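No gaps in the numbering here: position 291 of the sequence shown is 274 in this note's numbering, and each next residue is one more.
Following: one structure in C-alpha cells, then a few remarks.
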Amino acid sequence: MLDLEKKLNKEQLEAAKTLEGPVLIIAGAGSGKTRMITYRIAHMLQTGIPQSSILALTFTNKAAREMWERVKQITQKKLSNLTVSTFHAFGVKLLREEIGILGYKNNFSIYDQTDKLALIKETARELKIATESLDLYNTANLFSSLKTERVPWSRENAELRPLYNEYQEHLKIYNAVDFDDLIILPILILEKYPEILGKYRARYRYLMVDEFQDTSLIQYKMMRLLGEESRNVCVVGDDDQSIYSWRGANYQNLLMFEKDFPERKEIKLEQNYRSTKNILAAANSLISNNKNRKTKELWTGIEGGGTSISLFYPENEQKEGEFIAEMIRSIKIREKVPYQDFGVLFRTNSLTTSLEEALLSHNIPYKVSGGTSFFQRKEIKDIISYLRVLANPEDDVNLLRIINTPRRGFGKKALEYLRAFSESKKCSLYSAMSILRWASDSGIPEKIRRDVEDFLSLLDFYREKVLHPKGLSEAVKGLIEAIDYWGYLILEHQKNEKIARWKYGNLVKFIEIIRRWEEDPDNDDPSLFSYLNRITLITREEDSEEEESKGGKVNLMTIHSAKGLEFDILFLAGVEAHLIPHAKSLEENPDNLEEERRLFYVALTRAKKRIHMTCCRTRKGIRGSIECQPSPFLEEIPAGLMELQQEEKTVEPEEAADYFASLRNAVSKP
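Printed below as a string of C-alpha cells:
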C-alpha cells in the first residue's frame, strides 16, 4: 500500500490524489515535480485505473524512462501496458498502427535533420534549383515552421512552395516522415477519421503532460484532441521556465488550457528541495521583474543560507577558463566533490573553446552536452549506412540513404520504378535490384539497368572486403576512395573548401578509430557485425559504471541544455551584457527580454549549494578584443546576496599529496 501522506507534502498530495477532471499544476523549480507525478501515476494504478488507460507525455526519452522506472519501483508491478513517452514517440506509436490510411507502409523511416537537409538538396536539384544559392539550414527551418503552423505561407516565402511540395512528395516516395510529421500526421489522422479518434479517446481516458510550458501549439492540439472528451487531463509546468520559444514552445498554452478547461483545479508547488535560501532569494528577485507570469514564491526548508553566490571578473576568456578550472580542482581536492557534481553553464556554444582548453591543461575530465555526436555527423552516418547495407542488404532504410550518396544517376522516376517493382514482388529494394540486374525481359530502361549493375557491383566487391578478418579499416578506406567521397564533399561545399576538408578529416579519424579497435589485443571479435553493434551502443558506453566510480566528468553545457538538471557546484560563464541577455535575441524581438530573464532564472535554479559567476573585462570578438559590461540581470539580484570572488589560491603541494594519499588508501582497501 502507498502511504502518500508520508511521501508528499500537502500540495503534492493534493495534486497526486486529484484524478478526475482537468488539473493545472504550477510546479516551481526543484519542487519535487517528478516525485509528485510518479506517485500520482502509482496512486492511479492502486485505485484500479488500468495501465492501458493512462498516457503520460514528456519531452525527453531520458525523462520518460526515469518516470517509468520510478513508477515501477514504487508499485513493484510489471508496466507492460503503461504508456510513458515523449510526444514524438507517442506519434510514432500511433503512426505504426494507423499510417496506412494515409497511403504509407507502417515500416516508414524517420528522417533526422541531416537526412532532411540531404533530401531538400536532392529535390532542389530535381527542380533545377541552384543549391549553392539555397540556404539549406534556413530552408529546413522554414519548412518546419510552415508544417507546424508557426508561420503562414506569404509573399516572402511563396517561391519555395514548389520545393516544399516536392520535398513532401519525396518523403512519401521514400516511405519516410520527418520529425515534425510525428505530430502533424497523427493530428491529421485524428481530425480526418472520427472512428480512429474515438478509438484513442476510449483507450486513453487519463492524460498527463509534464513540462507543459514547453509544449508547442500543435502538441497542445494533439493533447486537446485526445483529452477533451474524458476531461481527465493533468498538465504540470512552470511558466517561469519557458525557454524554448525558438523551437515552437508556447508558454501561453497555460492560458489556452484555462480557456479550454475552465472547470480545472489549480495547484501550486512552491516548496523547493534543491537550493539554499540565498540562491532562491536571488532567483525570486530576478524573475519577479517579468510581467507575464503566474505569481509564485519559491521557499525552502533547507537550513543555512550562507554566501552561496560569488562573482569574479577575469581579464579575458583565457583567465576565465583558468579560474574555473583551478576552482574545480581546488574544490575537488579540498572538499572531495566528485567531478560529476560540477556544472559549467554558458549562453552560447562559442564560449566552450577556452573552457575546454583550461580543463584539458589541468587534466580535468569533462563532457560537452548538447553537441553533435561524432557518429551522428552526416559524413560518418553516410559511411556507416554503407557498412550497414554491406552487412544486411535487405536494409531498405540505409540503402535509400546511400543509393544517391554520392549522386550516381538514380532520379525520382528511377526510384519510383524500383519501389513499385519491389512492392509488386513483395521483396526488399536490394532483392528487386538484383532481379532486374539479371532479368533479360524485365522491360527496365537500359540506363536504370546500367546504374543498378554499377551500384550492386560496388556493393558486391566491398562486401567481400569488409567481411575479411581484420580488414575492415582498409576496406572502409578503399570504399571512401572508390565512391570519391572527397569529390562529393567538394561539390557540396563549393563556396567553402575548409568545410569539405574538415568533413573529410572526420572520415580519416573514423578509419583510424576502426583501425585501433581492430588492433586492440583484447578485441576477440573484430568483425563488421561486432563493430556495428558497438556503434549502436557507443552513447551508452560514454557513461559507464567505471567512469562513475572514478568521479565522472565535469558537465559543460549551454543553459538550454541544463534544463531539468541540478549540480552541487555551478559555474555560470560569460555573465555579460550582449551574452545574457543575448544581443541577437533582443534584436530579433525586444519582447524576448522576458524569455532571456527566464533563461537566467533557469541557470540560477540548477544550483544546489554554490554558484560562481564570471564576467570578463574583455573578450575576443570577430573584429578583435571588445570591452565587456556585466549583465543587467545582475542588478536585479540584491547586492547582499552576492560577494566578489578573488582568484582561487593554488592548492599547496601538501594538500594535493594528502588528497592523493587518501585516494591510494581508498583504492588499496579490499
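Even for Gly, the Cβ is constructed at its ideal location relative to N, Cα and C.
This structure is a prediction, so every number in the text was calculated from the model and none was measured.
Judged by DSSP secondary structure, S128 falls within the alpha helix (DSSP H) whose first and last residues are L119 to K130. DSSP lists no bridge partner for A113. In this structure, the straight-line span from the alpha carbon of Q56 to that of L208 is close to 32 Å. For the 8 Å CB-CB criterion, L237 and G220 form a contact. For A232, there is no enclosing beta strand (DSSP E), since its DSSP letter is neither H nor E. Rounded to the nearest whole angstrom, the C-alpha separation of L263 and A590 is 10 Å. In the structure shown, the three-state DSSP call for Q301 is helix. A Cβ-Cβ distance of about 11 Å is found for the pair V372 and L441, leaving them out of contact under the 8 Å criterion. The DSSP-derived three-state label of I37 is strand. Cβ atoms of E610 and T597 stay farther apart than 8 Å, at about 16 Å. When the five nearest sequence neighbours on each side are left out, the beta carbons in the same chain lying within less than 7 Å of the beta carbon of L450 are those of L511, in order along the chain. Taking a contact as a CB-CB distance under 8 Å, the pair A556 and F329 counts as one, their CB atoms being some 5 Å apart.
With contacts defined as CB atoms closer than 8 Å, L269 and E619 qualify as a contacting pair. C-alpha of A308 to C-alpha of H345: approximately 7 Å in a straight line. F329: member of the beta strand (DSSP E) spanning F325 to F329, first to last residue. Judged by pairs of C-beta atoms under 8 Å, the segment 122 to 134 touches the segment 150 to 166, as three or more such pairs exist.
Looking at L334, C217 and I466, the one whose alpha-carbon comes closest to that of T541 is L334. Exclusion of the five residues before and after F126 leaves Y147 and Y150 as the residues of its chain whose Cβ lies within less than 7 Å of its Cβ. Rounded to the nearest whole angstrom, the CA to CA distance from E579 to I563 is 7 Å. In the structure shown, Q254 falls within a strand segment according to DSSP collapsed to helix, strand and coil. With respect to the C-alpha of N506, the residue from L38, K453 and V585 having the closest C-alpha is K453. A straight line joining the alpha-carbon of L28 with that of F404 spans about 50 Å. About 5 Å separates the beta carbon of Y349 from that of L539, a gap short enough to meet the 8 Å contact definition. Y296 and Q96 have their alpha carbons spaced roughly 39 Å apart. In the three-state scheme derived from DSSP, where H, G and I count as helix and E and B as strand, E174 is classed as helix. Residues of the same chain with a CB within less than 7 Å of the CB of T58, apart from the 5 flanking positions on each side, are A25 and L28 in chain order.
For H595, the three-state secondary structure derived from DSSP is strand.
Cβ-Cβ distances below 8 Å link I385 to D365, S368, Y369 and V372 in the same chain, with the five nearest sequence neighbours on each side left out; the list follows chain order. Going by DSSP, D434 is part of the alpha helix (DSSP H) stretching over E429 to V449. If you look at S411, you'll find it isn't in any beta strand (DSSP E); DSSP assigns it neither H nor E.
About 6 Å separates the beta carbons of F42 and D197, which is inside the 8 Å limit, making them a contact pair.
Between L472 and K486, the C-beta spacing is below 8 Å. With fewer than three CB-CB distances shorter than 8 Å, the segment 57 to 71 does not count as touching the segment 97 to 113.
In this structure, I20 places its C-beta atom within 8 Å of the C-beta atom of D193.
Take the alpha-carbon of F583 and the one of E300: they are about 20 Å apart. Closest option to I311, judged by alpha-carbon separation, among D(-14), G623, E630 and A458: E630.
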